[in-house]
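Per the working numbering, the sequence shown starts with residue 581, numbered consecutively.
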Amino acid sequence: MSLFTIIPNNFFSILASKNKEIYAEALLLLHRSIEDNDLFIKKNEFTRNLKERLSELALTVDIAAEEELEEDEIVDHSDKASFIVRRLEECGWIDVEVNPENFEEYIALPSYSINMLALINSLVKESTAEYVSLVHATYSELALEDEMRDEFMYATLVRAFENTKALNVELITLAHSIRIFQNRLGKVFSTNNILSDYFDHYKTRVSDRYYHPLKTFDSVAKFKRPILQILQKWLYDDEIRMQLVNQALMWSRHKDKAAAEADIINKINYISDMYERVNDTIAQIDQKHHEYTKASATKILYLNSADKSVKGHLDFIFKTYAETFSKGASVSPILNGLAESIKFNRHGYVNPDSITLPIVRELRRDSLPLSLTDFDDVRDALMEHFLEQTSSQYSNDEIFDFMDLAFGEDSEVHIKDIPLPTFEAFLLLILATIKTNDEQCFYIVESDPGKVSSHGYRLPNLRFIRKELAL
581 MSLFTIIPNN FFSILASKNK EIYAEALLLL HRSIEDNDLF IKKNEFTRNL KERLSELALT
641 VDIAAEEELE EDEIVDHSDK ASFIVRRLEE CGWIDVEVNP ENFEEYIALP SYSINMLALI
701 NSLVKESTAE YVSLVHATYS ELALEDEMRD EFMYATLVRA FENTKALNVE LITLAHSIRI
761 FQNRLGKVFS TNNILSDYFD HYKTRVSDRY YHPLKTFDSV AKFKRPILQI LQKWLYDDEI
821 RMQLVNQALM WSRHKDKAAA EADIINKINY ISDMYERVND TIAQIDQKHH EYTKASATKI
881 LYLNSADKSV KGHLDFIFKT YAETFSKGAS VSPILNGLAE SIKFNRHGYV NPDSITLPIV
941 RELRRDSLPL SLTDFDDVRD ALMEHFLEQT SSQYSNDEIF DFMDLAFGED SEVHIKDIPL
1001 PTFEAFLLLI LATIKTNDEQ CFYIVESDPG KVSSHGYRLP NLRFIRKELA L
C-alpha cells in the first residue's frame, strides 16, 4: 500500500514551511493532550492553550510565508493560533467534529496522525527517555507463563517475539549511533566541542540509555540461557505446542492448525536465533565503543599539545587543512602558501672514499657466559601468565554456561565426553577446572589416575560432579 493512500499529499508541508517551529509546538501540544487522557479535545480550549504557548515562547507566525494562501485571505486572520489550527486541519493532522446538541467543536485525531505525534515526541524527548528492559521483560514473562501455562501462553510468546524484534532494533540503533559520533569526530577541531559531543550527547543519549543497561542490569548473557531453555521446551513438548496452536487459532488470524503451528515455530526460531547471535553483535558494539572513546581522548590530547618544533607546525598546517576541507571551503590558499614557503633540498658531497665501504675493526673482548635458565620456573611463569591472560577474556557466566551445556540433564560428566569443537571451548574447559573454589561454581572436580585423549587433546582423567549430588 502506498504511503499517500493513507495520509494526505500535503501532510508534511507544515514541517517544511518557515513556521515549522510553531507547527512543531502545536503538534507537541496535541500529543500532551493525548498523554493527559483528553478523550474529547475542545477546539477553542486547544486554540487558547496554543496562543498562550506561542506568547510564552515569543514565537510569531509569518502568515505571508504560507505558499498555499492568497493575499486576500491573509487579512482575515488576526488570530494566529486559529490560523495554525486551521492549517493543521487542512493538511490532515486533525479533524474537527461538531456536537449536534450544543454545536461545540471538538478535535479528532486520525490514527496515522497519532503515530506521527508519538514519533515527534519521542525524538524531542530522546535524551531523557528511560531504557526499556527488553531482555529481562522477555525472560520474566516467559518464566511466569512456563510455570502457569494458562490461556495466555500464545500472547506471551507474541510479546517475547515483539520484544526480541525491538531488541534487535535497539542494538542496530546503538551501533549506528556510535558510528555517527565516530564519523563526526573527524570533523571536530575544538576540545570543547569534542567534550560536549562525548559527555552532553553521546554519554546521555547513547551510552547511558542503550550501552550501559545492556552491559549491566539487562545483560543478555545473564538471561540468554534461561530464555532459550524455556523456548526449546515449548517447541519440543507436544502438549505445550498443541496448547499454543489452539490459542493461536483463537487469538490470531490463522484458520488452520498447520499455519498456526508454522507461525509458532517461526517465532520461537527467530527469538532463539536472535539470542544465539546477539553476543557477536554486542562484541562488535563494544569494539566500536572503545574505539570512539579512545579516539576522543587521543584527539583531545593532540589538540591540547603545544609543540613548537617542525613537527608541531606541520601538525597545525594539517589540522587547518582538514578543518577548511570539512567546511567545504577552498584549500587552494593553504596549498599555494605551502608551495611558496617550504622548499626541501638535499645536500651531499663526493670524496675519494665515497666509492669504498668503510671498514671498522674491533677487538674481541672477554665477557661472562650467559647463565643457564631454569626451564621449570620459566614454564610455570608462562603457564601462570597464560591462565591470567585467558581468564580475563572470559567471564564467569561464559565459563559456567559452557559447563551447564556440557552437563545437560546429567549430574556427572567425564572430561572425554565434553565436546571441544574449537580452541575457545578448550580454553573454557581449562578455566572450568580452576574455578571450583568460586562461589558461583555449581560443580566439583575429581581426579582419576592416568590421561585420556579427546578431540586431539591429551587431558587429565577428570570427572565433573554437580555439588548437590556430591553433598
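Built from N, CA and C at the ideal position, the CB exists for glycine as well. Here the structure is a predicted model, which is why all the values come from computation and not from measurement.
For the 8 Å CB-CB criterion, residue 985 and residue 1013 do not form a contact. In this structure, the beta-carbon distance from residue 699 to residue 743 does not fall below 8 Å. Close CB contacts of residue 746 within its chain, under the 7 Å cut and outside five residues either way in sequence, are with 714 (chain order). Taking 8 Å as the cut-off, the Cβ atoms of residue 979 and residue 1008 count as close.
Listed in chain order, the alpha helix (DSSP H) elements of length 4 or more contained wholly in the stretch 581-629 are 600-615.
No Cβ-Cβ contact shorter than 8 Å links residue 808 with residue 800. If you check the CB distance, residue 811 and residue 844 do not come in under 8 Å. A direct Cα-to-Cα measurement between residue 762 and residue 898 gives close to 20 Å. Taking all protein chains in view, the Cβ of residue 599 is crowded by 16 or more other Cβ atoms within 10 Å, so the residue is classified as buried. Within the model, the alpha-carbon separation for residue 661 versus residue 685 is close to 16 Å. Two segments are said to touch when three or more pairs of C-beta atoms, one from each, lie closer than 8 Å; by this definition the stretch 813-825 touches the stretch 726-745. In the DSSP assignment, residue 997 falls outside any beta strand (DSSP E), carrying neither H nor E.
The stretch 868-882 and the stretch 763-778 touch, with three or more beta-carbon pairs separated by less than 8 Å. Within the stretch 782-850, the runs of alpha helix (DSSP H) at least 4 residues long that lie entirely inside it are, in chain order, 792-795, 800-816 and 818-831. Rounded to whole angstroms, the Cβ separation of residue 676 and residue 631 is 17 Å, and the two are not in contact under 8 Å. For residue 676, no alpha helix (DSSP H) encloses it; the enclosing beta strand (DSSP E) starts and ends at 675-678. Comparing alpha carbon positions, the residue from 883, 1037 and 878 closest to residue 1001 is 1037. Within the DSSP bridge table, the entry for residue 1039 names 1032 as partners.
Distance from residue 1044 to residue 1004 at the Cβ level is roughly 19 Å; contact not present, criterion being Cβ atoms closer than 8 Å. Nearest to residue 770 by alpha-carbon distance, out of 884, 616 and 610, is 884. In the DSSP assignment, residue 992 forms a beta bridge with 1045. The C-alpha of residue 1025 lies about 7 Å from the C-alpha of residue 1016. For residue 687, the uninterrupted beta strand (DSSP E) run begins and ends at 685-688, by DSSP. The continuous alpha helix (DSSP H) containing residue 1013 extends over residues 1003-1013. DSSP, reduced to helix, strand and coil, places residue 738 within a helical segment of the structure shown.
In the displayed model, residue 1019 falls within coil according to three-state DSSP, outside both helix and strand. In the structure shown, residue 636 adopts helical secondary structure according to DSSP, grouped into three states. Contact between residue 824 and residue 837 does not hold, since the beta-carbon distance rounds to 11 Å and is not under 8 Å.
For residue 978, the enclosing alpha helix (DSSP H) starts and ends at 976-987. For residue 976, same chain residues with a beta-carbon under 8 Å away, outside a window of 5 residues either side, are 1015, 1018 and 1020 in chain order.
Under the three-state reduction of DSSP output, residue 1027 falls in the strand class. Rounded to whole angstroms, residue 703 and residue 673 show a C-alpha spacing of 18 Å.
In this structure, residue 987 sits near residue 1046, with a CB-CB distance shorter than 8 Å. DSSP places residue 772 in the uninterrupted alpha helix (DSSP H) bounded by 771-775. CA-CA distance, residue 666 to residue 705, rounds to 27 Å. Only residues of its own chain outside the window of five on either side were considered, and among them 1039 and 1042 have a CB closer than 6 Å to the CB of residue 995, listed in chain order.
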